[in-house]
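Numbering (the numbering used here), first residue to last: 1 to 225.
For each residue, glycine too, the CB sits at the ideal point set by N, CA and C.
On a predicted model such as this, the values are computed, not experimentally measured, just so you know.
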């Protein structure tokens, strides 16, 4: 079991409110050499105005979690290594210490509909509401123990698990044909239900929404409605 607990992550995140944000930082003092290296590596993701933060302890979004655990991951790898993933529409099933995620960004859920996130260079580490942000999923992180003795927040029971469509080898770009290739229903009404189950709100059958679902289907990570 990990020595890093969900309660510990929440406490740590709260203690870092107000920390400055610089892309690529993981909870260390920003030096001029480090700023120049990050600027060269990441370009415009590191703001020119971030130079004013030299001498301060800084982090980015994934760095807030890595800072606690000592295991450096980016937002994408936190999702790919997660032990459980649910759509943000089911956030009521989350426990404090879960991560909230969207492509390119991650934060820490602290309960009561609130999160702590290293939001960006203009904000730093702040507390926000899930309902006011655009996260698509929440995760149980591989590096965090959600059932540690004395931790009031337990990992969800089995009913929180979901069934997934089998991964398909379809090579095209149509979610309709992708579903048909595995013998699944592909009507618009059913696709709308699938979208909702996977945290894709306001489904209208757009190319972007269909591509999101197709990518999940091909990876074997599309939740059945």
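For residue 215, the three-state secondary structure derived from DSSP is helix. As a beta-bridge residue in DSSP terms, residue 58 pairs with 20, 28. For residue 129, there is no enclosing alpha helix (DSSP H); the enclosing beta strand (DSSP E) covers residues 125-129.
When DSSP states are grouped into helix, strand and coil, residue 86 belongs to the strand group.
Looking at the DSSP output, residue 38 bridges to nothing. In summary, residue 94 is buried, with 16 or more beta-carbon neighbours lying within 10 Å of its beta-carbon over all protein chains present. In this structure, the CA atom of residue 66 is about 12 Å from the CA atom of residue 142.
With a threshold of 16 other beta carbon atoms within 10 Å, residue 145 meets it and is buried. Note that the segment 40-60 does not touch the segment 96-107; fewer than 3 beta-carbon pairs, one per stretch, sit closer than 8 Å.
Between residue 128 and the set 138, 112, 139, the nearest pair of CA atoms involves 112. The three-state secondary structure of residue 13, taken from DSSP, is helix. For residue 76, there are no CB contacts under 7 Å within the same chain when 5 residues up- and downstream are skipped.
The beta-carbon distance between residue 27 and residue 63, rounded to whole angstroms, is 6 Å. This is short enough to meet the 8 Å contact definition. For the pair residue 212 and residue 164, the Cα-to-Cα distance works out to about 15 Å.
Using a 10 angstroms sphere on the CB of residue 17, the tally of other CB atoms stays under 16, which defines it as exposed. In this structure the segment 113-120 touches the segment 49-63; the number of beta carbon pairs closer than 8 Å is three or more.
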